[in-house]
Each structure stands twice: as structure tokens, then as C-alpha cells.
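If you count by the working numbering, then the sequence shown holds residues 546 to 727, one letter each, in order. For each residue, glycine too, the CB sits at the ideal point set by N, CA and C. First the structure, in the form of C-alpha cells, and then the observations on it.
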Amino acid sequence: MCGRYSLAIDAVMFAKYFNMGIEGLDFYSRYNIAPSQPAPVISNIEGKRALSNMHWGLRPEWLKESKGSKILINARAETLCSKPTFRHSFEHRRCLIPADGYYEWIKNKGVKTPYRIILPDVPVFAFAGIWDFYTDDRGTRKPSFCIITVAASRQIQNIHPRMPAILPDTRSMDRWMGTASP
546 MCGRYSLAID
556 AVMFAKYFNM
566 GIEGLDFYSR
576 YNIAPSQPAP
586 VISNIEGKRA
596 LSNMHWGLRP
606 EWLKESKGSK
616 ILINARAETL
626 CSKPTFRHSF
636 EHRRCLIPAD
646 GYYEWIKNKG
656 VKTPYRIILP
666 DVPVFAFAGI
676 WDFYTDDRGT
686 RKPSFCIITV
696 AASRQIQNIH
706 PRMPAILPDT
716 RSMDRWMGTA
726 SP
């Protein structure tokens with residue numbers, strides 16, 4: 546499960562790696578992005594990639610917000626097509642969540658220790674994600690997202706059985722977003 550992640554790069558590196566500007570976005574390095582916080586997300590808007598801040602924690606549009614309603618920070622890749630909560634977003638609202646690492650905690654003798662997991666030769670990458678709009682209690686329509694998870698790789702299994710679906714390069718990002726050339 547991915548419950549915290551980092552995007553600790555500067556705006557120049559972000560623009561270069563993702564080939565897009567960050568005009569109008571409050572962009573800064575962050576080492577501890579947590580659920581319910583806004584974070585930079587890349588989505589397809591009218592056939593073009595767009596960068597915007599979205600709240601981490603999917604609230605499907607059809608789900609009415611109420612006090613105590615749960616946000617969904619992760620979605621299992623295996624259930625994206627079968628669960629109504631995720632199906633529409635999986636089919637129509639995929640996104641890229643830029644990151645350079647994520648955290649998992651190991652409990653040892655009652656003490657939890659965070660471990661930052663990075664890709665050794667990849668300074669920045671993206672998580673596969675889905676997004677949707679929700680309407681807040683003021684009637685304002687806002688975007689939210691969640692991170693897709695998969696079974697953990699061999700290297701991560703001893704820390705946690707799940708991990709984010711990591712897209713390490715442009716080709717895998719294009720495939721996820723449905724813009725890859727055949």
C-alpha cells in the first residue's frame with residue numbers, strides 16, 4: 546500500500562522530464578505527500594496532457610460527500626474493471642502521478658520505521674492512477690485521484706505485499722494513458 550510519496554525535484558527537472566510547463570501551478574519539492582493533500586497530476590484533457598493539482602483520495606462523482614466518508618487512496622489493478630467505484634475512471638480518466646519515491650513502514654519491536662523506496666537509475670517516474678470529479682459540501686466540483694497498486698516485486702515483497710504501479714519511462718506512461726503508437 547502506498548500511503549505517502551515524494552516528488553522532491555525542482556520545476557526545471559519536472560518540465561524537462563515530463564515535457565510540459567508548470568505555469569499557474571504552485572510547484573515545489575515535496576518529501577511527504579499524504580492522502581487528502583493536493584498534488585500535481587497529469588491527465589488527458591481534450592486529447593492533450595494537462596498538469597493540475599488534484600486531491601489525493603478518490604471520491605467518485607456519483608458518491609455524495611459527507612462527514613466521515615472515506616477517500617480511496619489506492620486501487621488494486623486487478624479490480625479496476627470489476628468494481629463500479631473504479632470502472633468509469635479506468636476507462637475514461639487515467640492519469641500520471643509524478644513521483645521520485647514512496648514510503649513503506651516496517652514495524653520492529655513496536656516501532657514503525659519509514660523506508661523511502663526509489664528506483665536506482667530513474668530520478669523521476671510516474672505512478673499509474675485514475676481520477677474523477679467530486680462535489681464538495683459547497684457545491685464546488687473538484688478533481689481527486691488514487692494510485693493503482695500491483696503485487697509487490699521480488700525486491701519489495703519483504704516490506705509490503707503491494708506496491709504502486711510504477712511507470713518508469715515515457716513509453717510505459719504513453720501506454721497507460723492510451724497515447725502509445727502501435
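Is the Cβ of residue i closer than 8 angstroms to any Cβ of chain C?
| i | result |
| --- | --- |
| Thr630 | Among the protein chains of the structure shown there is no chain C, as only one such chain exists. |
So what does residue i bridge to, in DSSP terms?
| i | result |
| --- | --- |
| Cys626 | The partner list for Cys626 (beta bridge, DSSP) is empty, contrary to what the question assumes. |
| Ser551 | Gly646 |
| His730 | The chain is shown only over 546 to 727; residue 730 falls outside these bounds and no answer can be derived. |
| Gly674 | Cys640, Ile692 |
| Pro659 | Trp650 |
| Ser542 | Absent from the structure is residue 542, since the part of the chain shown begins at 546 and ends at 727. |
Between which two residues does the alpha helix (DSSP H) harbouring residue i extend?
| i | result |
| --- | --- |
| Ala556 | 556–563 |
Measure the Cβ-Cβ separation of residue i and residue j and say whether it is below 8 angstroms.
| i | j | result |
| --- | --- | --- |
| Pro738 | Thr694 | The structure shown has nothing for residue 738, since the chain only spans 546 to 727. |
| Tyr648 | Arg661 | yes |
| Arg604 | Ile616 | yes |
| Leu596 | Pro583 | no |
| Met558 | Val669 | yes |
| Met722 | Asn589 | yes |
| Phe572 | Ala553 | no |
Determine the closest residue to residue i out of the options, with distance taken between C-alpha atoms.
| i | options | result |
| --- | --- | --- |
| Ser634 | Arg707, Asp666, Gly674, Asn598 | Gly674 |
| Lys657 | Pro585, Pro583, Gly723, Ile704 | Ile704 |
| Ser551 | Glu591, Phe631, Phe672 | Phe672 |
| Trp650 | Glu623, Ile701, Phe631 | Ile701 |
| Glu680 | Glu606, Ala697, Val557 | Reading off the sequence, residue 680 comes out as Thr, not Glu. Nearest C-alpha to Thr680: Glu606. |
| Gly592 | Ser698, Cys640, Thr624 | Cys640 |
If I follow the unbroken beta strand (DSSP E) through residue i, where does it start and stop?
| i | result |
| --- | --- |
| Arg716 | Note, Arg716: premise wrong, no beta strand (DSSP E); alpha helix (DSSP H) at 715–722. |
| Asn619 | 619–621 |
Does the contact criterion of 3 or more C-beta pairs under 8 angstroms hold for the region 664–679 versus the region 568–580? No, they do not touch.
Touching by the beta-carbon criterion (3+ pairs, under 8 angstroms), the region 680–691 and the region 598–605: Three or more Cβ pairs closer than 8 angstroms define a contact, and the region 680–691 meets that threshold against the region 598–605.
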